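J.:
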DNA sequence: TAGTGGTCTAGACCACCAA
DNA sequence: TGGTGGTCTAGACCACTAC
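Chains as they are written, first to last, in this note's numbering: chain B, 33 to 283; chain X, 33 to 283.
(1) Considering only residues of the same chain and omitting the five flanking positions on each side of residue 281 of chain B, which have a CB-CB separation below 7 Å?
(2) Closer than 6 Å by C-beta to residue 36 of chain X: which residues in its own chain qualify, once you throw out the five before and the five after it? Chain order, please.
(3) Let's see if you can read the secondary structure: which residues bound the beta strand (DSSP E) around residue 151 of chain B?
(4) Starting from residue 106 of chain B, trace the beta strand (DSSP E) both ways and give me its first and last residue.
(5) Ordered along the chain, which non-local residues of its own chain (more than five positions away) have a Cβ less than 6 Å from that of residue 227 of chain B?
(6) Can you check which of these residues, X:193, X:229, X:224, is closest to residue 214 of chain X by C-alpha distance?
(7) Round the Cβ separation of residue 271 of chain X and residue 249 of chain X to the nearest angstrom and send it over; I've been treating them as touching at under 8 Å.
(8) Ignoring anything shorter than 4 residues or poking outside the segment 135-212 of chain X, list the alpha helix (DSSP H) runs there in chain order.
(9) Considering Cα atoms alone, identify which of B:149, B:238, B:224 is closest to residue 182 of chain B.
(10) Taking Cβ-Cβ distances shorter than 8 Å, what residues in chain B pair up with residue 96 of chain X?
(11) In three-state DSSP terms, what is residue 237 of chain B?
(12) Would you mind telling me which residues of chain X sit closer than 8 Å to residue 228 of chain B, beta carbon to beta carbon, in chain order?
(13) Can you pull the chain B neighbours of residue 231 of chain X, defined as C-beta to C-beta under 9 Å?
(14) Taking buried to mean at least 16 other C-beta atoms within 10 Å of its own C-beta, is residue 146 of chain B buried or exposed?
(15) In the DSSP assignment, find the unbroken alpha helix (DSSP H) run with residue 71 of chain B in it and report its ends.
(16) Quick one: does residue 144 of chain X have its CB under 9 Å from some CB of chain B?
(17) Under 8 Å, CB to CB, which of the residues in the segment 232-244 of chain X have a partner in chain B?
(18) Could you tell me the distance, in whole angstroms, from the CA atom of residue 176 of chain X to the CA atom of residue 217 of chain B?
(19) Measure how close the beta-carbons of residue 188 of chain B and residue 167 of chain B come, nearest whole angstrom, since I'm counting them as under 8 Å.
(20) Could you spell out the range, first to last residue, of the beta strand (DSSP E) harbouring residue 257 of chain B?
Put into C-alpha cells, the structure is as follows:
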C-alpha cells in the first residue's frame with residue numbers, strides 16, 4: 033500500500049500575511065510603482081505584530097514582488113525601471129578582448145514585425161493554459177543592439193487577456209514589453225522558466241538576423257507566469273551569439 | 033568635481049557574525065556534511081542574541097553555504113548530495129512529446145579523457161587568478177546520459193591547489209567532481225557565473241560527441257568561485273542539445 | 001525634525017526529529 | 001522526552017530620506 037502523501041497543513045502566520053498582501057497586489061489595490069502602507073499600518077490591519085508583517089514583506093521582496101527603500105517605504109515592483117530592465121533579458125555584449133570591466137548594457141531598440149490573432153498550436157495552447165479553441169495572439173519582433181539585429185522573438189499570448197494589442201500600439205510604446213503589459217493590461221510577469229538549446233538558423237530567420245543560413249543560434253524558450261503561478265506567455269527567442277552571450281549566475 | 037564614492041561603513045552585527053561563521057567554514061573548523069553548533073551556543077560564543085545568530089545563518093543558508101534541518105541542526109552544505117547534485121549542472125532531458133510531467137534526471141556517467149599539467153593561455157590564467165607562469169591543470173572529460181555522450185568539458189584549475197590530481201584518481205571517484213574537490217583538496221565551489229553561446233561543432237569535438245561536424249552546440253563557459261569570491265576554476269562545456277536543454281529560472 | 005525601513009534583544013511557545 | 005530549528009511578540013534604538 034502506498035502511503036498517503038504527507039501534506040504539511042501548517043502555514044506560519046507570516047506566510048498567510050504574505051499571501052494576503054499578494055492578493056492585494058493581484059486585485060490592483062496597490063499598483064506597480066506605488067508604495068504600500070508602512071509596516072505598522074499593515075500590522076494593525078492584519079492584527080499581527082510589526083515583526084510578522086516584516087517577515088512577510090521580506091519574502092515578497094525576495095521574490096521581486098516588492099522593493100524596499102530604506103527611509104522611504106516599500107514599493108510595488110515594476111518592469112518600467114532601469115534597474116529591473118535586464119532581469120528577464122539575460123543577453124549581454126561580449127567583453128572587449130583584454131578588457132577588465134564587463135561591457136555595459138548597450139542601447140537597445142525594438143522592431144515589431146507583426147501581431148496576429150491566431151489559433152495556437154496544441155503545444156502552445158497547453159503551455160499558456162488555453163482551453164480548446166480559445167484565441168491567441170502571436171507577436172514577432174526583432175531586438176537591435178547598436179543598430180544590429182541580435183534577437184528574433186516569437187511571442188504567444190492568450191488573446192482574452194490582451195484585447196486591443198496591435199502592432200502599432202506595440203511600436204508606439206517606448207520601453208520593455210512587460211512594462212506595457214502591466215500598465216495597459218494589468219498583467220504583471222512575476223517569474224519565468226527558460227529552456228535553452230543550440231539550433232541552426234533556417235533561411236527566413238537567417239535573413240532577418242543577418243546571419244548565414246545554418247549558422248548556430250541560441251534558442252531560448254520561455255514560459256512566463258503572473259501572480260498565482262498562472263502561465264500567460266510563451267516566447268521563443270533566437271539569439272545571435274556572435275557578439276553577445278546569455279549570462280547566468282549559479283548560486 | 034566627481035564626488036568621492038560614498039562607501040557605506042555600517043555593517044550590521046548579523047553580517048559580521050555571518051562573516052565570522054564563513055571564516056570558520058573556510059578554515060575547515062566545520063567540514064562539509066557536518067553540523068555546526070546550535071544557535072544558542074553560537075550566540076554565547078559571539079556574545080550576541082540568538083536572533084542575531086539566526087539572521088546570520090539565514091543569510092548563509094540563502095547563499096547555499098549552510099543547510100538548515102528543522103529538529104536536527106544546521107549543516108555545512110556539500111556537493112556530495114543527491115539534492116545538490118544538479119545545482120551546477122543545469123542540463124535536463126527534454127520532456128517526452130505530450131508528457132505532462134517533466135522528465136526525471138537520468139543516470140549520468142563520466143569518462144575522463146586526460147588530465148595534464150600545462151601552461152594556461154593568458155585569458156585562462158587571468159580568469160583563475162594565476163600570476164605569470166604559474167602552472168595549471170587541464171582536464172577533459174565526457175558526460176554520458178543513458179550511455180550517450182552529451183557534454184564535453186574542458187576544465188582549467190590552478191595546479192597549486194590540486195597537487196596530485198590525476199586522470200586515474202578522477203576516474204576512480206564516483207560522484208560529482210566538485211564533491212571530490214571538497215573532500216580531497218579542501219576546495220569548495222560556492223558560486224559560479226556562466227556565459228552561454230551557440231557554436232558549430234569542430235571536427236574533433238563532433239567525433240567525441242557523435243554529432244555531425246558543424247552541428248550547433250551550446251557553449252557554456254563557467255568561472256567557479258570558492259569562499260571569498262576567489263575564482264578557482266574555468267570550464268568550457270560543449271553541450272549537445274538535440275535531446276537535452278539547459279534550464280533556467282528567472283525570478 | 002518626522003517618518004520609514006533596519007537592527008537587536010529577550011522571552012515564550014510551536015513544529016519536527018531522534019532515541 | 002529532550003534537543004533543535006521555526007514562529008511570534010513587544011519594545012528600544014539605529015540608519016536613511018525628505019522636508
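Don't be surprised by glycine CBs; every beta carbon is placed ideally from N, CA and C.
Because the structure is a prediction, the values reported are computed rather than measured.
T.: So, from the data block:
(1) Locating residue 281 of chain B in the first chain gives position 249, counting from the first residue. Spatial neighbours of residue 281 of chain B in its own chain (CB-CB distance under 7 Å, excluding positions within 5 residues in sequence) are not present.
(2) Working through the second chain from its first residue, we reach residue 36 of chain X at position 4. Summary for residue 36 of chain X: the model assigns pLDDT 42, below 50, so the residue's position carries little reliability; its value from the coordinates is reported in the next sentence. Nothing listed; no residue qualifies.
(3) Counting from one through the first chain, the residue named residue 151 of chain B turns up at place 119. Where residue 151 of chain B is concerned, there is no enclosing beta strand (DSSP E), given that its DSSP letter is neither H nor E.
(4) If you number the first chain from 1, residue 106 of chain B lands on position 74. Run containing residue 106 of chain B: 105-108, per the beta strand (DSSP E) assignment.
(5) The count along the first chain starts at 1 and reaches residue 227 of chain B at position 195. Excluding five sequence positions before and after residue 227 of chain B, the CB atoms of its chain that fall closer than 6 Å to its own CB belong to 253, given in chain order.
(6) Residue numbering aside, residue 214 of chain X sits at position 182 when the second chain is read from its first letter. Closest option to residue 214 of chain X, Cα to Cα, is X:193.
(7) Position 239 of the second chain, counted from the start, is the residue given in the question as residue 271 of chain X. Position 217 of the second chain, counted from the start, is the residue given in the question as residue 249 of chain X. Contact holds; Cβ gap of about 6 Å.
(8) Runs of the alpha helix (DSSP H) spanning 4 or more residues and lying entirely within the segment 135-212 of chain X occur at 154-159, 199-204, in chain order.
(9) Numbered from 1 along the first chain, position 150 holds the residue referred to as residue 182 of chain B. It is B:238.
(10) Mapped onto the second chain, residue 96 of chain X falls at position 64. Going along chain B in sequence order, the residues near residue 96 of chain X (Cβ under 8 Å) are 283.
(11) What you label residue 237 of chain B is simply residue 205 of the first chain in a count that begins at 1. Collapsing the DSSP output to three states places residue 237 of chain B in a helix.
(12) As a position in the first chain, residue 228 of chain B is number 196, starting the count at 1. By Cβ distance, chain X contributes 228, 250, 273, 277, 278, 279, 280.
(13) Locating residue 231 of chain X in the second chain gives position 199, counting from the first residue. Those are 230, 248, 273, listed as they occur along chain B.
(14) Here residue 146 of chain B corresponds to residue number 114 of the first chain, with the count starting at 1. Counting of Cβ neighbours within 10 angstroms places residue 146 of chain B among the exposed residues, the total staying below 16.
(15) Here the question's residue 71 of chain B lines up with position 39 in the first chain. 71-78 is the extent of the alpha helix (DSSP H) around residue 71 of chain B.
(16) Working through the second chain from its first residue, we reach residue 144 of chain X at position 112. Under the 9 Å criterion on CB atoms, residue 144 of chain X is classed as non-interfacial with respect to chain B.
(17) Within the segment 232-244 of chain X, the residues whose Cβ lies closer than 8 Å to some Cβ of chain B are 232, listed in chain order.
(18) By one-based count along the second chain, residue 176 of chain X stands at place 144. By one-based count along the first chain, residue 217 of chain B stands at place 185. If I take the Cα positions, the gap works out to 46 Å.
(19) Counting from 1 along the first chain, the entry for residue 188 of chain B is found at position 156. Counting from 1 along the first chain, the entry for residue 167 of chain B is found at position 135. The C-beta distance from residue 188 of chain B to residue 167 of chain B rounds to 11 Å, too long to meet the 8 Å contact threshold.
(20) As a working note, residue 257 of chain B is residue 225 in the first chain. Residue 257 of chain B: member of the beta strand (DSSP E) spanning 248-258, first to last residue.
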